[in-house]
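Residue numbers for the sequence shown, in this note's numbering: 6 to 293.
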Amino acid sequence: MKFLITGANGQLGREWVRFLELKGLPFDAFGSSKLDITNGEDVRKWLKECRPDVVINCAAYTNVDEAEDQEKLAYSVNETGVEHLVSACMEYSCKLVHFSTDYVFPGNFEDGSKFPQGYPEDAEKRPVNAYGRSKRAGEIIIENSPLDCLLIRVSWLCGPFGNNFVKTMLRLAETRNELSVVDDQKGSPSFTFDVVEKCFELLTSQKSGVYHISSEGRISWADFAEEIFNQSDLKVNVNRIPSSEFPTKANRPAFSLLSNQKLEKEGLNVLAWKAGLSVLLKKLNHSL
Numbered sequence: 006m007k008f009l010i011t012g013a014n015g016q017l018g019r020e021w022v023r024f025l026e027l028k029g030l031p032f033d034a035f036g037s038s039k040l041d042i043t044n045g046e047d048v049r050k051w052l053k054e055c056r057p058d059v060v061i062n063c064a065a066y067t068n069v070d071e072a073e074d075q076e077k078l079a080y081s082v083n084e085t086g087v088e089h090l091v092s093a094c095m096e097y098s099c100k101l102v103h104f105s106t107d108y109v110f111p112g113n114f115e116d117g118s119k120f121p122q123g124y125p126e127d128a129e130k131r132p133v134n135a136y137g138r139s140k141r142a143g144e145i146i147i148e149n150s151p152l153d154c155l156l157i158r159v160s161w162l163c164g165p166f167g168n169n170f171v172k173t174m175l176r177l178a179e180t181r182n183e184l185s186v187v188d189d190q191k192g193s194p195s196f197t198f199d200v201v202e203k204c205f206e207l208l209t210s211q212k213s214g215v216y217h218i219s220s221e222g223r224i225s226w227a228d229f230a231e232e233i234f235n236q237s238d239l240k241v242n243v244n245r246i247p248s249s250e251f252p253t254k255a256n257r258p259a260f261s262l263l264s265n266q267k268l269e270k271e272g273l274n275v276l277a278w279k280a281g282l283s284v285l286l287k288k289l290n291h292s293l
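And the structure:
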């Protein structure tokens with residue numbers, strides 16, 4: 006299999022690059038400055054030149070708050086960009102792997118009781134912010150296409166590369182011994198290395214369709230922060246606060262846990278969130 010990676014400078018794209026390098030598999034990787042998925046001709050040009058078997062789309066507009074004011078831009082990447090990729094993949098007979106988000110779901114607090122194991126892949130989609138709406142629009146493009154595609158939803162994404170919650174907490178802990186963290190938003194982290202490994206397993210098993218890849222456990226951001234400090238031997242006091250005390254421009258889901266049951270039925274073991282965090286912290290320490 007030969008791969009082409011879009012959005013190769015992001016945290017998931019860089020994880021794919023490292024993974025494929027270690028596997029010794031052929032790939033071409035492009036950041037958005039070289040391959041702009043909002044430009045249909047650009048997409049066709051590179052697919053025609055590289056002729057991959059699989060296109061891994063890690064390009065996305067992900068700034069949740071800015072998307073409230075830049076909704077047109079968010080849609081241009083997260084919907085129109087996907088449309089261009091689908092079209093070019095059909096033309097050049099490529100399989101597409103596309104990543105989406107827990108934010109396509111409504112995230113109601115009540116859904117925590119309705120879906121105790123997390124949202125299944127086919128649960129009602131009703132995003133509560135512009136970012137979620139733009140990502141759902143991209144999903145609809147794929148759903149309405151005959152293209153062979155693997156659509157992966159992740160939540161609370163974090164890994165060794167780029168910016169994420171774990172790295173933010175570690176950075177803040179360098180100068181503070183007390184932090185206020187939201188405690189009424191529940192979910193579970195997706196670790197980039199775990200996402201890539203499981204996605205590759207699905208690919209090699211020739212799976213298509215929608216899968217959730219997250220970790221086992223149901224936690225709040227405050228729980229996550231406390232465990233980060235605990236495993237890092239950092240003495241930082243976490244003040245648990247409601248979302249109302251930390252207002253953001255975009256609405257955030259109160260419940261965004263993703264069910265991994267479909268993944269388990271494929272024989273793939275789900276990573277426990279504390280174990281995933283331990284692996285990530287070791288990777289971060291190794292890179293220092």
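We treat Cβ as the ideally placed atom computed from N, Cα and C, and that holds for glycine.
Bear in mind the structure is a predicted one, so any value in this text is a computation, not a measurement.
**Prompt:** Does the count of Cβ pairs from the segment 114-122 and the segment 57-70 closer than 8 angstroms reach three?
**Reply:** Result no; under three Cβ-Cβ pairs closer than 8 angstroms.
**Asked** So does the segment 177-194 actually touch the segment 239-249, counting three or more Cβ pairs closer than 8 angstroms?
**Response** Enough Cβ pairs lie closer than 8 angstroms, so yes.
**Request:** Specify, as a first and last residue, the run of the beta strand (DSSP E) that R245 falls within.
**Result:** For R245, the enclosing beta strand (DSSP E) covers residues 242-246.
**Asked** If we cut at 8 angstroms on Cβ distances, does I10 have a partner in chain B?
**Response** Any reference to chain B falls outside this structure, which holds one protein chain only.
**Message:** Buried or exposed, going by whether 16 or more other CB atoms sit within 10 Å of the CB of K140?
**Reply:** The Cβ neighbour count for K140, taken over all protein chains shown within 10 Å, is at least 16; the residue is labelled buried.
**Item:** Beta-bridge pairing of K100 - partner residues as DSSP gives them
**Value:** According to DSSP, K100 bridges with V59.
**Request:** Check E183 in the structure and name its three-state DSSP category.
**Result:** Three-state DSSP puts E183 in a strand.
**Message:** Please list the terminal residues of the continuous alpha helix (DSSP H) segment that includes V109.
**Reply:** Neither: V109 is in no alpha helix (DSSP H) and is coded neither H nor E.
**Message:** Could you pull the DSSP bridge partners for A34 from this structure?
**Reply:** The partner list for A34 (beta bridge, DSSP) reads I10.
**Request:** Would you mind reading off the limits of the alpha helix (DSSP H) that contains G22?
**Result:** Sequence inspection shows Val at residue 22; the Gly mentioned does not correspond to that position. Here the alpha helix (DSSP H) through V22 covers 16-28.
**Asked** So E177 is in the alpha helix (DSSP H); what residue range does that whole segment cover?
**Response** According to the sequence provided, residue 177 is Leu. The question's Glu does not apply to it. 170-177 is the span of the alpha helix (DSSP H), which, as asked, contains L177.
**Message:** Under 8 angstroms, with one C-beta from each stretch per pair, do the segment 43-54 and the segment 85-96 reach the 3-pair mark?
**Reply:** As far as the Cβ criterion goes, the segment 43-54 touches the segment 85-96, which means the pair count is three or higher.
**Message:** Rounding to the nearest angstrom, what Cα-Cα distance links Q236 and E88 in this structure?
**Reply:** Straight-line Cα distance between these residues: approximately 42 angstroms.
**Item:** Expected contact under 8 angstroms - CB spacing of F205 and F24 to nearest Å
**Value:** At roughly 7 angstroms, the Cβ-Cβ gap stays under 8 angstroms, so F205 and F24 are in contact.
**Request:** Please determine if the segment 209-226 and the segment 268-279 are in contact, where contact requires at least 3 C-beta pairs separated by less than 8 angstroms.
**Result:** Yes, they touch.
**Message:** Quick check on the DSSP output: the beta strand (DSSP E) that includes L156 runs from which residue to which?
**Reply:** L156 -> beta strand (DSSP E) spans 154-159.
**Message:** Beta-carbon within less than 6 angstroms of D41's beta-carbon, same chain only, minus the 5 sequence neighbours each way: which residues are those?
**Reply:** Answer for D41: D47, listed in chain order.
**Prompt:** How many Å lie between L30 and A65 at the Cα?
**Reply:** Distance between the alpha carbons of L30 and A65: 24 angstroms.
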